[in-house]
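Only one structure is covered here, and it is reproduced in the block below.
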Amino acid sequence: SRYVIQDLLGVGTYGRVSLAQDRESGDLVAIKELSKHKVNSIGIMDWVRREIQILKTLGKHPLICTLFDVIETEETIFLIMEYVENGAIETPYDEHQQFPEETCRKYFKQMTDALDYIHNVHNVCHRDFQLSNVCLDKNSNVKVCDFGVADFFTMKEKSHQLFVGNSNYSSPEMLMKKPYYGPEIDVYMLGVCLYKMMTGFLPFRNAQAKLMGCMTVPLEEEEDMSDDAKDLIRKLLEPEPEKRITIRQIKQHPFYLR
Numbered sequence: 027s028r029y030v031i032q033d034l035l036g037v038g039t040y041g042r043v044s045l046a047q048d049r050e051s052g053d054l055v056a057i058k059e060l061s062k063h064k065v066n067s068i069g070i071m072d073w074v075r076r077e078i079q080i081l082k083t084l085g086k087h088p089l090i091c092t093l094f095d096v097i098e099t100e101e102t103i104f105l106i107m108e109y110v111e112n113g114a115i116e117t118p119y120d121e122h123q124q125f126p127e128e129t130c131r132k133y134f135k136q137m138t139d140a141l142d143y144i145h146n147v148h149n150v151c152h153r154d155f156q157l158s159n160v161c162l163d164k165n166s167n168v169k170v171c172d173f174g175v176a177d178f179f180t181m182k183e184k185s186h187q188l189f190v191g192n193s194n195y196s197s198p199e200m201l202m203k204k205p206y207y208g209p210e211i212d213v214y215m216l217g218v219c220l221y222k223m224m225t226g227f228l229p230f231r232n233a234q235a236k237l238m239g240c241m242t243v244p245l246e247e248e249e250d251m252s253d254d255a256k257d258l259i260r261k262l263l264e265p266e267p268e269k270r271i272t273i274r275q276i277k278q279h280p281f282y283l284r
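Written as structure tokens, this is what we have:
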């Protein structure tokens with residue numbers, strides 16, 4: 027075969043991810059192997075097909091983990107993906123890692139630019155935007171990955187109502203299963219990412235606190251955080267989606283522009 031397996035990177039519910047070398051280019055790739063039997067038995071084949079469609083639509087972008095190829099056999103689907111050397115910003119082993127504000131700004135700007143691209147160029151919402159789905163390449167640049175619950179959206183109507191992803195990152199309207207467009211929930215999750223990178227903790231203790239907008243530690247009490255960062259986090263974590271900051275507005279915010 028064209029790919030030589032070198033190592034096992036991880037095992038998931040539906041299959042495994044291996045590190046392999048492409049014989050033709052010599053490059054390292056990650057191969058996501060999905061058992062059709064397992065995928066069908068849980069009824070998520072449509073999700074898998076949509077993820078492939080979305081990754082093909084997004085194509086090659088410096089801030090998104092690229093899908094190079096899809097190989098399908100009778101029993102297995104193989105996704106040949108870009109290998110991202112440094113893994114996720116957050117792993118289960120360093121759950122409370124904090125970053126200096128300048129590092130947070132760099133990662134945040136790149137995450138914002140990635141969302142700008144998927145939302146405004148391709149009408150895709152990620153819906154599971156969390157630090158374990160944002161990887162870093164060898165130059166410590168962001169690569170957004172795992173589009174497993176992503177979907178296309180239209181701003182003509184709130185066509186989504188499904189709760190997917192991680193409730194620690196989900197927006198209030200998603201938790202309440204209210205209809206939503208898509209981009210506004212990714213923006214909320216981006217706010218959780220920024221807060222967590224800066225403090226090492228999630229902003230809310232539980233769903234109830236989130237719905238009321240009661241942060242575990244009020245922003246006023248965050249001494250190591252600049253006023254610009256506090257102001258932006260407040261706007262990102264706005265409980266009412268209509269009042270929440272948009273990607274275009276984020277790119278005009280002093281925290282982003284600094």
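Counted the way the working numbering counts, the sequence shown spans residues 27 to 284.
Built from N, CA and C at the ideal position, the CB exists for glycine as well.
Note that the coordinates shown come from a computational prediction; the quantities given were computed from them, not determined experimentally.
How is residue i classed by DSSP in three states: helix, strand or coil?
i	result
Cys171	coil
Ile68	coil
Gly41	strand
Val147	coil
Ile115	coil
Ile271	coil
Tyr282	helix
Leu89	coil
Which residue wins for smallest C-alpha separation from residue i, given the options the options?
i	options	result
Gly113	Ser252, Ala233, Ala255, Gly36	Gly36
Val175	Ser185, Met181, Glu246, His152	His152
Val213	Lys277, Thr242, Asp253	Lys277
His122	Tyr206, Lys222, Ser197, Leu162	Lys222
His148	Tyr206, Thr180, Glu128	Thr180
Ile115	Glu127, Ile106, Tyr133, Phe104	Tyr133
Pro267	Gly52, Phe173, Leu201	Leu201
Ile80	Asp172, Gln275, Asn192	Asp172
Given residue i, which residues of its chain have a CB within under 6 Å of its CB, disregarding the five upstream and five downstream residues?
i	result
Ala255	Phe281
Val43	Leu35, Gly36, Ala56, Lys58
Leaving out the 5 sequence neighbours to the left and right, which residues in its chain are closer than 8 Å to residue i when beta-carbon positions are compared?
i	result
Tyr143	Leu84, His87, Leu89, Ile90
Measure the C-alpha to C-alpha separation of residue i and residue j and round it to an integer number of angstroms.
i	j	result
Gln124	Gly217	15 Å
Ser61	Gly41	6 Å
Leu220	Ile259	7 Å
Val95	His145	Note that residue 95 is Asp in the sequence shown here, rather than Val. Distance between the alpha carbons of Asp95 and His145: 23 Å.
Asn232	Arg49	49 Å
Trp73	Leu262	28 Å
Provide the residue(s) that pair with residue i in DSSP beta bridges, ordered along the chain.
i	result
Phe104	Glu59, Ile97
Tyr29	Asp48
Asp177	Cys151
Val160	Val170
Kindly say whether residue i, judged by its beta-carbon, lies nearer than 8 Å to any beta-carbon of chain D.
i	result
Thr39	In the displayed structure, chain D is absent; only one protein chain is listed.
Once you ignore the five residues that flank residue i on each side, which residues in its own chain have a CB closer than 7 Å to its CB?
i	result
Pro198	Lys236, Leu237, Pro265
Asp139	Leu89
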